[in-house]
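Mapped onto UniProt numbering, the consecutive letters of the sequence shown carry residue numbers 1 to 423.
Just so you know, even glycine gets a beta-carbon here, dropped at the ideal spot from N, CA and C.
Treat the numbers as computed from the prediction; the structure is a model and nothing was measured.
Quick notes on the structure that follows.
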Amino acid sequence: MNILLLGSGGREHALAWKIAQSPLVDKLYIAPGNAGTASCGENVALKAEDFAAVGEFALAHGIDMLVVGPEAPLVAGIADYFKNDGRLSKIPVIGPSKQGAQLEGSKDFAKHFMQRHGIPTAAYFSVTKENKQEGLDFLKTMKAPYVLKADGLAAGKGVLIINDLQEACEELDNMLSGKFGAASGKVVLEEFLSGIECSVFALTDGKDYVILPEAKDYKRIGEGDTGLNTGGMGAVSPVSFCTPEFMQKVESRIVRPTIGGLKAENIDYTGFVFFGLINVGGEPYVIEYNARMGDPETEVVMLRLGNDIVDLFKAAADGTLASKKIEKDPRYAVTVMLVSGGYPGEYEKGKVINGLDKVEGSVAFHAGTAIKDGKTVTSGGRVIALSSYGASKQEALSASFRNAAIVDFDGKYYRRDIGFDLQ
Ligand code: AMP
Ligand code: GLY
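The following block contains the structure:
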């Protein structure tokens with residue numbers, strides 16, 4: 001079969017790497033892809049937001065399945081676009097409908113959904129300009145720190161955690177006045193939960209699901225989890241506190257009721273559900289949902305997934321996931337992200353990346369890279385994710401760090417403490 005994968009980051013390189021290993025695949029296209037995905041298939045210069053162009057390409061190239069990497073086209077309704085076009089409706093899309101993607105696209109939708117289905121999450125209150133006074137009153141009933149979230153997509157920047165009540169009230173005002181544009185026209189105020197986070201992924205056909213290997217990502221730029229938030233500086237799998245007992249709670253209290261809730265509400269959902277969880281004294285709570293895989297979690301999850309991913313995608317599209325069993329590589333997998341100097345603030349692009357041909361014992365997944373004048377150059381903040389296996393977490397990390405010293409570009413930075421807080 002012919003597959004078209006949308007996206008251009010490290011997540012998409014890892015997905016492309018895994019898809020390309022499937023004997024079910026004749027041809028893999030990645031749109032727009034990056035310098036790394038070009039080694040797994042053919043990159044095509046299409047914009048994911050241009051649904052008409054994606055559709056025409058799919059028809060012209062005999063595409064049998066569309067796999068959507070990032071959230072933006074899902075939230076904008078690419079699955080519905082395919083479903084509602086008579087010529088495209090037979091092409092299965094791995095990625096939920098616009099309504100399903102609201103689990104990620106609207107924090108207010110996600111919180112109401114969890115409330116309706118009794119899924120453990122932080123207490124909350126949704127505020128618009130109309131009920132601002134009630135929002136301020138709610139804040140006053142909460143204890144510090146105060147959690148304020150823009151309702152809509154805000155490129156990972158829409159969450160503020162503030163210690164001072166006065167400041168929190170001012171920021172609520174700023175957010176409602178457009179601090180994050182339309183995304184913060186509505187704001188979700190939340191109770192602060194204290195614990196350690198992890199990421200759990202399910203693939204669903206809308207009624208059944210399989211749970212993929214879990215992961216933990218490291219979002220802060222600085223060692224010891226300090227400094228600004230980034231897209232993710234590294235990840236590890238498995239996660240030591242995700243014991244069978246904890247995962248049993250995750251499945252029965254969170255995954256099953258989520259998939260059951262989607263089905264009960266007739267929400268079309270074929271694709272990944274990403275559960276951003278927090279472990280509060282051994283009890284799992286949902287911090288957020290995403291309607292896609294995580295990045296950089298995918299760069300470790302794909303290493304540990306034993307199954308043919310295209311076989312799983314086919315089962316998701318056919319509604320036969322109940323017959324599938326996930327096989328997990330027993331080894332540890334880690335990824336260490338090399339980023340551009342200055343990231344997540346301002347940084348320069350176009351730096352030549354050397355040493356990629358000398359990488360041994362790791363897979364170098366490309367995040368922000370491009371080809372310029374025949375050379376691989378940086379084209380984003382996150383540049384290369386060095387992913388490795390090991391019999392122990394330490395052994396896997398050693399391989400990634402060894403290669404992190406070899407791959408080089410002007411301004412390179414990476415965290416040397418990925419996995420530091422886990423056993
Ligand atoms: P989100 O975009 O919802 O994942 O939030 C970004 C980050 O803010 C999360 O990964 C958490 O570290 C933190 N966070 C969000 N909500 C809460 C909460 N209710 N309690 C504590 N930390 C939170
Ligand atoms: N690593 C977190 C995310 O993909 O949103």
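When rounded, the separation of the alpha-carbon atoms in M302 and S387 is 10 Å. Three or more beta-carbon pairs separated by less than 8 Å link the region 354-370 to the region 2-12, which places the two stretches in contact. A Cβ-Cβ separation of about 16 Å leaves H61 out of contact with T37 under the 8 Å criterion. In this model, I371 and A35 are separated by some 6 Å (Cα to Cα).
Of the other Cβ atoms in all chains shown, 16 or more fall within 10 Å of the Cβ of F180; this residue is therefore buried. Closer than 6 Å to some heavy atom of the ligand GLY: that describes the Cβ of D295. Pairing V200 with L321 gives a Cβ-Cβ distance that is not under 7 Å.
Judged by pairs of C-beta atoms under 8 Å, the region 410-420 touches the region 334-346, as three or more such pairs exist. Spatial neighbours of Q423 in its own chain (CB-CB distance under 6 Å, excluding positions within 5 residues in sequence) are listed in chain order as S240. By the C-beta criterion, the region 171-178 is judged not to be in contact with the region 226-243, since fewer than 3 inter-stretch pairs fall below 8 Å. When distances are taken from the beta-carbon of E288 to the heavy atoms of the ligand AMP, the shortest one is below 6 Å. Taken from the Cβ of D217, at least one heavy atom of the ligand GLY lies inside 6 Å. Per DSSP, the unbroken alpha helix (DSSP H) holding E104 starts and ends at Q102 to G105. Between the alpha carbons of A202 and D308 lies a distance of about 15 Å. In the structure shown, D50 adopts coil according to DSSP, grouped into three states. Residue side-chain check: G276 places its Cβ nearer than 6 Å to a non-hydrogen atom of the ligand AMP.
DSSP places L321 in the helix class (H, G or I) of the three-state scheme.
At least one heavy atom of the ligand AMP sits closer than 6 Å to the Cβ of E190. For T335 against P296, the beta-carbon gap comes to about 5 Å, under 8 Å, which counts as contact.
Straight across, the Cα-Cα distance linking K207 with S126 is about 29 Å.
Taking S400 as reference, the option from A110, E299, G381 and E346 with the minimal CA-CA separation is E299. Taking 7 Å as the cut-off, the beta carbon of V75 is found no closer than this to the beta carbon of F82.
For I211, the secondary structure class from DSSP, reduced to helix, strand or coil, is strand. Shortest gap from the CB of G181 to any heavy atom of the ligand GLY: 6 Å or more.
The Cβ neighbour count for G281, taken over all protein chains shown within 10 Å, is under 16; the residue is labelled exposed. For the pair P213 and R331, the CB atoms are not nearer than the 7 Å cut-off.
Between the C-alpha atoms of K98 and A45 there is a straight-line separation of about 24 Å.
For S398, the secondary structure class from DSSP, reduced to helix, strand or coil, is helix.
Check the Cα spacing between Y209 and each of L160, G227, Y269 and K219: the tightest is with Y269.
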